[in-house]
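Colleague: According to the numbering used here, the stretch in the sequence shown is residues 1260 to 1621, in order. Structure provided below as structure tokens; questions to follow.
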Amino acid sequence: MMNIDLVKILDEIEKEKGIPKEVILDAIEVSLVSAYKKNFAQGKDNVEIIIDKESGRVQVLSKRTVVEKIDKPSSEIDLEQAQQYKKGTVKLGDEIDIEITPEEFGRIATQTAKQVVVQKIREAERKAVYDRYIDKVRDIVTGVVQRQEHYNYIIDLGKAEAILPPNEQVRGESYSKGSRMKFYVVEVKKTSKGPRIILSRTHPDLLKRLFELEVPEIHEGLVEIKQIAREAGKRSKIAVTCRDEMVDSIGSCIGDRGSRIKAIMTELQEEKIDIIKWDEDDKTFIANSLNPAKVLLVQLFEKEKKALVVVNDQLLSLSIGKEGQNARLAAKLTGWKIDIKSESQYRQENKIEPGTDISKLE
């Protein structure tokens, strides 16, 4: 018999790491069987190792069949010997366990136990990280920029490290060491080295989650985000609607004196955000999507999924936006190809008489 001073240690591990003591003890028992078979010949074909879960006492047991005459000493025992090991009624054909723990087995058991404990802690920590963050996929987390490795940034999430790869980084954003930021969890993968957590700062749903956090009306379901179009780091458009006519969907997103929208823009390092009122009527929605430009006319060509939009001459540049950004985001938001023309160009091409109110044309 021998004793490994493990129970106290395992109790602490269970408390700190959340690994059940029984799980580690069971794994140690399995590993000790292999270790015993490698180092000792006696009873190795049918050996079993038991660790008392209260005291930590380790026993090497050999299962023997009670026989009248022993032919296989490693697996059989005669009736007289069996009665010495096991008090009470023992009869031929019974199987009993006898202890064969070698005195020198203590050192091997201790080394094996240490290896198993380290391995189980590592496995449990990886599983805990995976279980924790697999539920965070398509959600946001807060992390601190730790370091840069090649083109990746390593982000400390508190319980784990994650990766912000180049394609999920916003061009022009600063990821200086120690910066605390919010990230969108794109993927959590199991690997041989532990969970691989992929983050994003470019994903449109990062914007959606930020609004859900900042705007109670969205979180409660009073205001609904219908569509998002985003050019990360530059500008985004978000279309919202309201299920309660008494609630101002756009005002809810902006907040008192712009407090809510400012908080989100600050988190996104001053990315511009347009709040658009969603409408089930495509013409109205397309007109709204070109905010802040005022639209005079929208004509739809259903077959090509194309919309012709007419604006005041003075607002043409504004409606198109710098490098076409406003029009491009509006097209992404609505799902329509958008062709924008000035009022004068439209009148000339369609030979519309001066004084005609084109906003009333179909």
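Glycine included, every Cβ here is placed at the ideal spot set by N, Cα and C. The structure presented is a predicted model; accordingly, all values stated were derived computationally and were not measured.
Distance check for Arg1460 and Gln1584, CA to CA, integer angstroms please.
Modeller: Computed Cα separation, rounded: 20 Å.
Colleague: Counting along the chain, where does the alpha helix (DSSP H) carrying Asp1285 start and finish?
Modeller: Where Asp1285 is concerned, the enclosing alpha helix (DSSP H) stretches over 1280 to 1298.
Colleague: In whole angstroms, what is the alpha-carbon distance linking Lys1610 and Ile1523?
Modeller: Rounded to the nearest angstrom, the two C-alpha atoms are 47 Å apart.
Colleague: Please classify Val1289 as buried or exposed, where buried requires at least 16 neighbouring CB atoms within 10 angstroms.
Modeller: Flag for Val1289 reads exposed.
Colleague: Under the DSSP definition of a beta bridge, which residues are partnered with Thr1324?
Modeller: In DSSP, Thr1324 forms a bridge with Glu1335, Glu1354.
Colleague: I'd like to check one pair, Thr1500 with Ser1511: are the Cβ atoms closer than 8 Å?
Modeller: Cβ distance not < 8 Å, so Ser1511 and Thr1500 don't count as in contact.
Colleague: Mapping DSSP to helix, strand and coil, what is Asn1550?
Modeller: DSSP places Asn1550 in coil when its eight states are reduced to three.
Colleague: So, are the CB atoms of Ser1578 and Ala1590 less than 8 Å apart?
Modeller: It is not a contact, given that the beta carbons lie outside the stated cut-off.
Colleague: Would you identify the three-state DSSP class for Tyr1434, choosing helix, strand or coil?
Modeller: Of the three classes helix, strand and coil, the one that applies to Tyr1434 here is coil, per DSSP.
Colleague: Looking at C-alpha atoms only, which residue of Val1429, Pro1279, Ile1367 is the closest neighbour of Val1292?
Modeller: Per the Cα distances, Ile1367.
Colleague: For the beta strand (DSSP E) that Asn1426 lies in, which residues bound it at each end?
Modeller: Where Asn1426 is concerned, there is no enclosing beta strand (DSSP E), given that its DSSP letter is neither H nor E.
Colleague: Can you tell me which of Leu1269, Asp1503, Asp1538, Tyr1443 puts its alpha carbon nearest to the alpha carbon of Asp1285?
Modeller: When each option's Cα is compared against that of Asp1285, the closest is Leu1269.
Colleague: Within a Cβ cutoff of 6 Å, which residues of the same chain sit near Lys1345, ignoring the five residues on either side of it in sequence?
Modeller: Excluding residues within five positions, the ones whose Cβ falls inside 6 Å are Ile1355.
Colleague: Helix, strand or coil: how does DSSP classify Tyr1344 here?
Modeller: Looking at Tyr1344 - three-state DSSP - the assignment turns out to be helix.
Colleague: Consult DSSP for Tyr1392 and reduce its assignment to one of helix, strand or coil.
Modeller: Tyr1392: helix per DSSP, three-state reduction.
Colleague: Name, in chain order, the residues that DSSP records as bridge partners for Thr1401.
Modeller: Bridge partners of Thr1401: Lys1441.
Colleague: Return the residue from the list Ile1272, Ile1457, Leu1588 that minimises the CA-CA distance to Tyr1443.
Modeller: Nearest C-alpha to Tyr1443: Ile1457.
Colleague: In its own chain, which residues sit with a C-beta less than 7 Å from the C-beta of Glu1335, not counting the 5 before and 5 after it?
Modeller: Only Arg1323, Thr1324, Val1326, Ile1329 meet the Cβ criterion.
Colleague: Count Cβ pairs between the segment 1527 to 1542 and the segment 1482 to 1502 that sit closer than 8 Å; are there 3 or more?
Modeller: Cβ pair count under 8 Å is three or more, so yes.
Colleague: Within the segment 1544 to 1609, note down every full alpha helix (DSSP H) run reaching 4 residues or more, in order along the chain.
Modeller: Correct list: 1575 to 1579, 1584 to 1593, 1602 to 1609.
Colleague: I need the straight-line Cα distance from Arg1391 to Arg1489, nearest angstrom please.
Modeller: Spanning the two alpha carbons is a distance of roughly 29 Å.
Colleague: Determine the burial state of Pro1475: buried for a count of at least 16 other Cβ atoms within 10 Å of its Cβ, exposed for fewer.
Modeller: Pro1475 comes out exposed.
Colleague: For Lys1280 and Glu1273, which I take to be in contact (beta-carbon distance under 8 Å), what is that distance rounded to the nearest angstrom?
Modeller: At roughly 5 Å, the Cβ-Cβ gap stays under 8 Å, so Lys1280 and Glu1273 are in contact.
Colleague: Under the assumption that Lys1531 contacts Leu1559 (Cβ atoms under 8 Å), give the Cβ distance between them as a whole number of angstroms.
Modeller: No, Lys1531 and Leu1559 are not in contact; Cβ-Cβ is about 28 Å, not under 8 Å.
Colleague: Is DSSP giving Ile1422 helix, strand or coil here?
Modeller: In the structure shown, Ile1422 sits in a strand (DSSP, three-state: E or B).
Colleague: Based on Cα-Cα distance, which residue from Lys1449, Lys1485, Gly1453 lies nearest to Ala1464?
Modeller: Looking at the sequence shown, residue 1464 is not Ala but Asp. Checking every option, the nearest Cα to that of Asp1464 belongs to Lys1485.
Colleague: Terminal residues of the continuous alpha helix (DSSP H) containing Thr1461?
Modeller: First-last for Thr1461: undefined, no H or E at that position.
Colleague: Would the beta-carbon of Ile1414 fall within 8 Å of that of Val1429?
Modeller: No, they are not a contact pair.
Colleague: With H, G and I counted as helix, E and B as strand and the rest as coil, what does DSSP make of Val1376?
Modeller: In this structure, Val1376 counts as helix in the three-state DSSP scheme.
Colleague: Looking only at its chain, what residues have a beta carbon closer than 7 Å to the beta carbon of Leu1555, apart from the 5 residues adjacent to it on each side?
Modeller: These residues qualify, in order along the chain: Val1569, Val1570, Asn1571, Glu1602, Ile1617, Ser1618.
Colleague: Applying the 10 Å Cβ sphere with the 16-neighbour rule, what's the burial state of Pro1551?
Modeller: By the 10 Å Cβ count, Pro1551 comes out exposed.
Colleague: For Tyr1434, which residues from the same chain have a beta carbon less than 6 Å from its beta carbon, with the 5 sequence-adjacent residues on both sides left out?
Modeller: Only Val1404, Tyr1412 meet the Cβ criterion.
Colleague: Helix, strand or coil for Ser1508? Go by DSSP, reduced to three states.
Modeller: Helix.
Colleague: With 16 other CB atoms within 10 Å as the buried threshold, where does Lys1452 fall?
Modeller: Exposed, because fewer than 16 other Cβ atoms sit within 10 Å of the Cβ of Lys1452.
Colleague: What's the call for Ala1377, buried or exposed, on a 16-neighbour Cβ count within 10 Å?
Modeller: The question names Ala, yet the displayed sequence has Val at residue 1377. It counts as exposed.
Colleague: Any idea if Glu1313 is buried or exposed, counting beta-carbon neighbours within 10 angstroms, 16 or more meaning buried?
Modeller: When all chains shown are included, Glu1313 counts as exposed.
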